[in-house]
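**Student:** In order, the protein sequence lines correspond to chains A, B, C and D.
Numbered according to numbering that gives the first Met the number 0, the first sequence spans residues 0 to 666.
Numbered according to numbering that gives the first Met the number 0, the second sequence spans residues 0 to 487.
Numbered according to numbering that gives the first Met the number 0, the third sequence spans residues 0 to 532.
Numbered according to numbering that gives the first Met the number 0, the fourth sequence spans residues 0 to 99.
For each residue, glycine too, the CB sits at the ideal point set by N, CA and C.
Here the structure is a predicted model, which means the values were calculated and not measured.
Shown below is the structure under consideration.
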Amino acid sequence: MFDNVWLIPLFPLIGFLINGLLGKKIKNETIIGTIGSVAVFASFITAVMIFMNLIGLPANERSVNVKIFSWISAGNFNADIAFLIDPLSCLMMLVVTGISTVIHIYSIGYMHGEEGFYRFFAYLNLFVFSMLLLVSGNNLLLMFVGWEGVGLCSYLLIGYYFHKKSASDAGKKAFVMNRVGDFGFLLGTFTLFWWLGQTHDVWTIQFTELAKNADLFPTGGIVTIITLCFFLGATGKSAQIPLYTWLPDAMEGPTPVSALIHAATMVTAGVYMIGRMSFLFIRSPETMLTVAVVGACTALFAATIGTAQNDIKRVLAYSTVSQLGYMFLAMGVGAFTAGIFHLMTHAFFKACLFLGSGAVIHSMHHALHHVHSHDDAQDMRNMGGLKKFMPLTYLTFLTATIAIAGIPGFSGFFSKDEILWQAFANPLHGSMNTVLWAFGACAALLTAFYMFRLVFMTFHGTCRIKAGAEKHLHESPMVIVVPLLILAFFAAVGGYFGVPKLIGDLFGGIPNYLEHFLSPVFANAEAYMHAHTHHAHHSHALEWGLMGTSVVIAVVGISVAYMLYMVNPDIPKKFTSAFPVLHRAVYNKWYVDEIYDFVFVNPCKALGRLLWKGFDVLVVDGIVNGVATVVMAFGGVIRYFQTGQIYNYAWTMAFGVVVIVGYYLFK
Amino acid sequence: MDINVAQLFQTINLNVIMPEIILSVLGMALLLVNVFIPSKSKTYLVWLSLIGIVLAGFTTVTGWGSNITSFNGSVVQDNFAMFFKIIFLVAAGLAVLISDQYVEREECNYGELYPIILFTTVGMMLMASGTDLMTLFLGLELMSISLYVLAGFNRANVKSNEAGMKYFLLGAFSTGFLLYGMALVYGVTGTTRVAKIAEIVSGMPSAAGNTMLLIGMFLLLVGFLFKIAAAPFHMWTPDVYEGAPTPMTAFMSAGPKAAGFAALLRLLLVAFPALKPEWSDLLWILAVLTMTIGNFTALRQDNIKRMLAYSSIAHAGYALVGLTAANSTGTSGILFYMLSYAFMNIGAFAVIILVGKKGEPNGTVMDFAGLGRKHPLLAVTMSLFLFSLAGMPPTAGFIGKFYLFSGAIQEGYIWLAIIGVMNSAASVYYYLRVMVFMYFKPAEEEFDWVTVSAPVALSLAVSAAGTLIPGVIPSMILQYAQQAVKFF
Amino acid sequence: MSNILSVMTFLPILGVLLLLFIPKESKGVLRSVALATTLASFAVSLPLITGFQTNAEFQFVENVPWIAAGPFAMRYNIGIDGISLWLVVLTTFIMPISVLSTWTAVEEHVKEYMICMLLLETGLLGAFISLDLFLFYIFWEVMLIPMYFMIGIWGGKNRLYAAVKFFIYTMFGSMLMLVALIYLYFLGTKAGITDFSLVHFFDLKVDPSTQTWLFAAFALAFAIKVPMFPLHTWLPDAHTEAPTAGSVILAAIMLKMGTYGYIRFAMPLFPEASHQFTPFIATLAVIGIIYAALVAMVQEDVKKLVAYSSVAHLGFVMLGLFAMNEQGVTGALLQNLNHGISTGALFLIVGFIYERRHTRLITDFGGLSKQMPIFATIFMIVTLSSVALPGTNGFVGEFLILVGGFESSLRWWTIVASSGVIFAAVYMLWMFQRVMFGELDNPKNQKLLDLNAREIGLMIPLLIMVFFLGVYPNPFIKKMTPAINKIVAHTRIEPVKTAKAAVPTVEDTAPHAVPTQSVNPHASQPVAAPASH
Amino acid sequence: MDNLNSYLILSAVLFSIGTIGVLTRKNAIVVFMCIELMLNAVNLTFVAFSRHLGNLDGQIFVFFIMTVAAAEAAVGLAMFIAFFNNRESIDIDDANIMKW
């Protein structure tokens, strides 16, 4: 069975080729959509079968390399097209193909009637292909292929409405920022490969080989450099500080794209990568701290921006950035399982949220279109009270919101709480953990606040849509609603895969399935951590206490949102007028884009222009043409020695004779 | 000194100067024929001259490999002389072929032209085969005086007059130096025989310290450097080349230059090899000066004949590089180069003749505009010559330069070679400029007057073949050039 | 067929002769004959791939005496090894595409044009297969001539300047190389070498100080052709003005001549000097990568932008070569091919829109995707290949170069060079965005036709190669490897680790070594006699 | 020996006078005469050397020089006439159409 793992990425690839090459001829949306969805679903089925086979193996044998063919081999460098099947990759494959299937189905409805329908599905399939390569590749290079591949698809899909400048700008921005990260990824790969080869004569970039040789790596030093490089890659792909600004802009893409790529799968690649390389990251306390701090800061920072956005998708986008921050926080404190767990639950609820928002936008757009209004269909200020028009959507949306806000019993609670607990209790960062926890907790507060702000502004209150448009608002078709329901279901129950031991024990020993399943992958890192840190023992009471705190935080956030947006909607306005500078700064995303433009983009352009006009044209060509001019001028001068007068010529000759003879006479 | 007449006649072997005799006799005969046949067209003279030239050439090549002196050691038939004779005959043959159409058009179709060309050739041949200062002098003067006439041949044309007069006065002036040099060398060595001079000079304990000998040698060189147009004795070249009738310019640039090199080689390498340290310094500087002045000035010329005149100065400079090296690579390079130069330069002038109109109002580079469109074959041929002049492979010009510069490098004159190639790169500009006009610019005038007569077509074909084939299979000629310089 | 290389190389000349007898009015026939000739040449070159034995030896060798006069002996010595094999095939592969690309673009002087193309092919192929230094030089120079005419006659507005600049720039460099070549030969003759065959000179031990000068001369000539910063300024002009096919050939093949020259001649002939120059050349290469990227970013002309991107790409190639290890050199050679395919394709693409709109200014376009979807797709793929997206050809080469660079002493250079991947994305995607995306607001663009069958047909082979080389480059690498190993082993003097420490000692011992083992009496007095009196 | 030197000095002086004449005079015929003067200085040198060395080569040379000079004169004067016909002058300053 494992030998057939290549089928998993192959199906979407075939889907891509069919839709990409023939889609234009096929024209029929149903066929195209079906091809796309079936391709991904086939992958999902295969992934499930692989998963079944994998859990059939003893835990310590759950790591299988499947080589397809040798890709690049030059000297001691060797990279295969080969897949690694282990619990982590298997889980990722399941999440990716599962959610993708749902979103593909959703897209059939959502993208109905769009120009370039086939293109959309082709890209989407290509994305799934790349993402599967990323998570299943058994070496760094193949992972990088997927890594860049998903970046490409992200670029293509963000720029799907390419005639809109903002869309193509956003696509480009995403690609370029990702490239900055990729630069880090590449450097990390080079350093890793070179250092290990040079010092230990182990020339490999294959994960299992690397893990096997993990003990060759020292603590810190070169490992810090390597892991920081990789982490730079992760910040690019997963939209962390400082490379997060592309993600909110990426909302220019169609909503399913936002759901699939910019929430559920691609942006979590960085988290996955750190998980994959956990044995290396754990060996650099500095990097771990960096990861944790960046994650915590991003979580909080993005959450602040999320509170002031009015575009429904932008709020979700900042929420995504913030949630990704949580995942990195988890990775940074050595809670790899928790990070992956949150990755999974986040995939469910955020996909659900995005798809729900898509349904809202779709409906809004439709309604506004009917009354020929040019109001923004994504602006929450134009919404309100949609609950009664779109009850199912509301229901699913609310479920997912509760999940993300961290209300006990829903998936987000389990994963987020695990992260916060680990941030507090981790032995890695000593005194820093309180701060990390505090950041996480604040972010949780803000999350609960802005998510419910979103719900209230969108679904509750009075309907603020342009008069006459209400009657055109209606629930979405089944092809859209069913995926929402599926995702909402998982958003609600997805957390039970990884019930914390504390709660599990309470309910009669429900095991933490996820932790057991993933433990072989992180075994090396865990072992190292245990060996090298003093594991403080925290009491159950403390853990219960913190858990309670986070519940309180969530409730407080929700209540504030309720107060501000339901009970007394004037307060936010008063608040903004009281602190205009602060509001403007938050509303304008702390001016980070402008700062980047000022610090990087514009100087580069100016430098380019200077080098071109100044150096290329003026200096180099100036020298080249200058030499030519001087030579020509010299020719122009010496030709005037040729006066045409015979006696001048005779003088010259005589002069020559005299000089020659004189020289030999008097030397 | 008792002279045994019988012995004297034994030393005279007329076979040695058979080509010269053929051409002289033919020349005189043609003078008469020209008077007695009152035909307005002189084309028959072209073919008659050509027959004579081919005959002379045939006579020359049959003697290949021999080394016979005659006239008591004042004339020699050796490979070196024969190689040069072939060059002169090629130059003369091509000149004869391209003359007819030109003189007809310019209305100076006097029959004397062909005999004078033949006499010039005889003079050049004597320079190549002369091994006595007297023979060299006689050859030189025979050549020069004929050339003065040829330069001023178009009597009605002011430019031609001026060219003749300038050439004459300056030529005679240089002859003065030459003779004074000969006199001093004679005074020091007591002989005019080249071989004997060599013997005595190499026998002298301090030849390099003998001021009179050195001055004599340098003055002697001046006379020949004037003929090859080496700076600073080059000043006459542009004016004379521009003013002289175009076929004569072509002839002048190829033949006498080669003759000058023949004499220089003979003198420097046979008579004064002992003084090499002295003259190689001088030649080094002169080579650089000549190349640079020639090329740089050519960059700024619009008149194509004048441009080629400066280019011919530059080419003399390249050849001087080979002479400075004075090894078999360099000298065989000179021989090869002179032959190639005869082909490519006369070929180029043939095209200029075809493109020119009566009175040559359109002698500028710009007048070639559009030639590539109207007469593609002519333009391609011209391009071939120009590329060869620029030293691009796979033409003879490249191989020639390769050997010249190789000679210099072999002797350690790296900088000379570098200056040479840099000059060569700069020269590309003005050759390309002609091509720029031929191909890249639209025609300003219709080329309706361009007709190619049979002799010119023949000359173009021969020139093109002579430019291209030795470029691809140079050993064909190089091996003979090698044999020719073996005795140095 | 034992003379397969000769047949392949001189088949175009046969085509030229054939063309001469076809009247210039029958343009269709002229084009067809030219195409058939190039295709035939391509067909002849295919057995080279199948028949190539994977070893380091020169194969398909033909070696007959050619010139022998004086101190020189030149041989018609041709053959290929793993290094030249793919370049030869690339040439024969690109040529039919180029001929086809100007099927309708060139309407004037079709005959002359096709003759130029065919002559160019012979020149290019000849240079790649020459194993005799002199023969190489001949072909090296010969190819300038048809290119000069192609730019000058069929070029754009500023073609005169570009053509002359191209010619003299390149000529300048190669002239110095000629001097070095001759000097090297005479050094060789002193050591018993009797002809210009390249292999003899590999074993020649030239003392390091002489090597420096000889290497400098060779390197200059090749650097101009590559072109390396700061000698690149002829390239944007030449590219911009050349007709499409000219640009394609220039970028795809002719620039490779420079890098090929390094790996085939400059580096193995002068190993010590190569080491000495490595930091210098690597610095220039890296500056070139960043510099060209920055300059490309602000270009207003699509073709100029692509031209500058070439400079950046070839900077990578140079970096790979001078990493002097197997990965680096493999990557560099692979990148040679990749650049040939990708940039060749880019120039074709620019040609397509230029033919339609007769402008190349980025601002004149925008939103073409809507009007020309097929074109957009192809353009996108090629763009991505140019920015070295994994899965396309560009990635494999670039990655290997960087791996190689990282393993070598050029680590810091490589780190800086790696940032080139970011810049490449910036300028290429920005250009793509401005040309293809956005509103289709220029009325002139609203009636543009998508690619026709011929245009698609000539892009398809390139696209196939883009993916083939990206996904399965190993067959290509395998054939190269033995030859690369040989050259790397030959060029590498000491282990990379100790390279830094060893350099001063080489310099220290050099002056003492000269008098004893000297094969070069002139080394100490290069200015020769005249100055001494 | 003193004897020879005085001849040589004399001929050198003559040669110089001739040279300076060529350089300074404007009339073509005078210039040509100056050249003749140079040639005659050479003749004197040859004869002096011949006498001094006791060999006849130098004197034979002189004959050749005189003959050639005569031939040159013939051609030269014809050329001056042609020039005069066109330009109404034999001033060498007037031979300046072609320059640069």
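1) Alpha carbon to alpha carbon, how far is E285 (chain A) from F192 (chain A)? Give it in angstroms, no decimals.
2) By DSSP, does M97 (chain D) sit in helix, in strand, or in coil?
3) Would DSSP call D168 (chain A) helix, strand or coil?
4) Chain A beta carbons: is any one of them nearer than 8 angstroms to that of P237 (chain B)?
5) The region 596-629 of chain A: which residues have C-beta closer than 7 angstroms to a C-beta of chain B, in chain order?
6) Checking 8 angstroms against the spacing of the C-beta atoms, do I25 (chain A) and Y117 (chain A) come in under that value?
7) Which of the three DSSP states, helix, strand or coil, is assigned to F51 (chain C)?
8) State the CB to CB distance for the pair A241 (chain C) and L249 (chain C), rounded to an integer number of angstroms; the pair is presumed to be in contact (CB under 8 angstroms).
9) Considering only residues of the same chain and omitting the five flanking positions on each side of K165 (chain B), which have a CB-CB separation below 7 angstroms?
10) Looking at C-alpha atoms only, which residue of B:S38, B:S339, B:P375, B:K195 is the closest neighbour of F401 (chain B)?
11) What separation, rounded to the nearest whole angstrom, lies between the Cα atoms of M326 (chain A) and N511 (chain A)?
12) Out of curiosity, what's the CA-to-CA distance linking V75 (chain B) and I67 (chain B)?
13) If the cut is a Cβ gap below 7 angstroms, which residues of chain A does I414 (chain C) touch?
14) Nearest by alpha-carbon distance to G22 (chain A): which of A:D2, A:P8, A:N124, A:A268 is it?
15) With a threshold of 16 other CB atoms inside 10 Å of the CB of G324 (chain A), please say whether the residue is buried or exposed.
16) Would you report the Cα separation of G497 (chain A) and F43 (chain A), rounded to the nearest angstrom?
17) If the cut is a Cβ gap below 7 angstroms, which residues of chain C does E147 (chain A) touch?
18) Going along chain A in order, which residues have a C-beta closer than 8 angstroms to the C-beta of V329 (chain C)?
19) Alpha carbon to alpha carbon, what distance is there between S549 (chain A) and V349 (chain C)?
20) So, is the C-beta of N95 (chain D) closer than 8 angstroms to a C-beta in chain A?
21) Hey, does A273 (chain B) have any beta-carbon neighbour from chain A nearer than 8 angstroms?
22) Let me check understanding here. Comparing Cα to Cα, which of A:I360, A:L397, A:K386, A:H361 lies closest to K349 (chain A)?
23) Closer than 8 angstroms, CB to CB, is V657 (chain A) near chain B or not?
24) Run through chain A and tell me which residues come within less than 8 angstroms of S173 (chain B), C-beta to C-beta.
25) Pull up the distance between the alpha-carbon of V660 (chain A) and that of L86 (chain C), whole angstroms please.
26) Under the rule that 16 or more other beta-carbon atoms within 10 Å means buried, what is L581 (chain A), buried or exposed?
27) Would you mind stating whether F348 (chain B) and T245 (chain B) have Cβ atoms separated by less than 8 angstroms?
28) Under the three-state reduction of DSSP, which class applies to F59 (chain C): helix, strand or coil?
29) Judging by CA-CA distance, which residue of C:V386, C:S418, C:L461 is the nearest neighbour of A428 (chain C)?
30) Would you report the Cα separation of P552 (chain C) and H338 (chain C), rounded to the nearest angstrom?
31) Measuring alpha carbon to alpha carbon, tell me which residue in B:S40, B:I16, B:L29, B:M251 is nearest T58 (chain B).
32) Quick one: what's F182 (chain A) bridged to in DSSP?
33) For the putative contact between I192 (chain C) and V328 (chain C), defined by C-beta atoms under 8 angstroms, what is the C-beta separation to the nearest angstrom?
34) Using a Cβ-Cβ cut-off of 8 angstroms, state whether Y639 (chain A) counts as contacting chain D.
35) Hey, could you find the ends of the beta strand (DSSP E) D80 (chain C) is sitting in?
**Tutor:** Considering the structure as presented:
1) Between F192 (chain A) and E285 (chain A), the C-alpha separation is close to 21 angstroms.
2) coil
3) helix
4) For P237 (chain B), the closest Cβ of chain A is nearer than 8 angstroms.
5) none
6) yes
7) coil
8) Sure, about 6 angstroms apart at Cβ, within 8 angstroms.
9) W235, D238, V239
10) B:S339
11) Taking the CA atoms as reference points, M326 (chain A) sits about 18 angstroms from N511 (chain A).
12) 6 angstroms
13) L186
14) A:N124
15) buried
16) 22 angstroms
17) For E147 (chain A), the neighbours in chain C by C-beta distance under 7 angstroms run, in chain order, L388, P389.
18) It is worth fixing the name first, because residue 329 (chain C) is Thr in this sequence and not Val. Going along chain A in sequence order, the residues near T329 (chain C) (Cβ under 8 angstroms) are A73, G74.
19) If I take the Cα positions, the gap works out to 59 angstroms.
20) yes
21) no
22) Of A:I360, A:L397, A:K386, A:H361, the residue nearest in Cα terms is A:L397.
23) no
24) M652
25) 59 angstroms
26) exposed
27) yes
28) strand
29) Note that residue 428 (chain C) is Leu in the sequence shown, not Ala. Among C:V386, C:S418, C:L461, the Cα nearest to that of L428 (chain C) belongs to C:V386.
30) Since the first residue of chain C shown is 0 and the last is 532, residue 552 (chain C) is not available in this structure.
31) B:I16
32) According to DSSP, which records beta bridges pairwise, F182 (chain A) is partnered with nothing at all.
33) Rounded, the Cβ-Cβ distance is 26 angstroms, inconsistent with contact.
34) yes
35) First-last for D80 (chain C): undefined, no H or E at that position.
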